[in-house]
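*Asks:* One structure coming up, written as structure tokens, with questions to follow.
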Amino acid sequence: MRAPEYTYSNFLKAIGKFPAVCGTYTDGRDSDAICRKTLATMFAHFAQETGGHESWRDIPEWRQALVYLREVGWTEGQKGGYNGECKPGCMAGPDLAVR
């Protein structure tokens, strides 16, 4: 289901631009535990913001991440970012925001 631009190779390239992601801590913190939590949070966010959210599919929703290149409801160059009205029927509206 993912967009073809999302590959393991491209993920590694993106992570390479942020050396602090999964970096090594020398102050006693557990670097591996922090890395696991960071990656889990990232992928949860990917699933929420770019996921298919098609509950009728055989694929669980949590595995439908990275379907879209842009967040649904976002148009490149759009002024003001998100719709702050939260009116029914829009992607940010209360009827679509919670499933």
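The opening position of the sequence shown corresponds to residue 997 in this note's numbering, with each subsequent residue numbered one higher. Every residue, glycine too, gets a C-beta built ideally from N, C-alpha and C.
If residue 1021 and residue 1011 are in contact, beta carbons under 8 Å, what's the gap, nearest whole angstrom?
*Replies:* Stepping through the sequence shown from its first residue, residue 1021 is reached at position 25. Stepping through the sequence shown from its first residue, residue 1011 is reached at position 15. Not quite, the Cβ-Cβ distance comes to about 17 Å (not below 8 Å), so this is no contact.
*Asks:* Please classify residue 1075: is it buried, with 16 or more other beta-carbons within 10 angstroms of its beta-carbon, or exposed?
*Replies:* Translated into the one-based positions of the sequence shown, residue 1075 becomes position 79. When all chains shown are included, residue 1075 counts as exposed.
*Asks:* Judging by CA-CA distance, which residue of 1024, 1069 and 1025 is the nearest neighbour of residue 1045?
*Replies:* In the sequence shown, counting from the first residue as 1, residue 1045 sits at position 49. Minimum Cα distance to residue 1045 is reached at 1069.
*Asks:* How close, in whole Å, do the beta carbons of residue 1017 and residue 1037 come, if the pair is a contact with beta carbons under 8 Å?
*Replies:* Against the sequence shown, residue 1017 aligns to sequence position 21. Against the sequence shown, residue 1037 aligns to sequence position 41. So it is not a contact: roughly 11 Å between Cβ atoms.
*Asks:* Short of 6 Å in beta carbon distance, which residues of its chain neighbour residue 1112, apart from the five on each side in sequence? Order them along the chain.
*Replies:* Nothing about residue 1112 can be reported from this structure: the residues present for the chain run from 997 to 1095 only.
*Asks:* State the DSSP-derived secondary structure class of residue 1024, mapped to helix, strand or coil.
*Replies:* Position 28 of the sequence shown, counted from the start, is the residue given in the question as residue 1024. Correct three-state label for residue 1024: coil.
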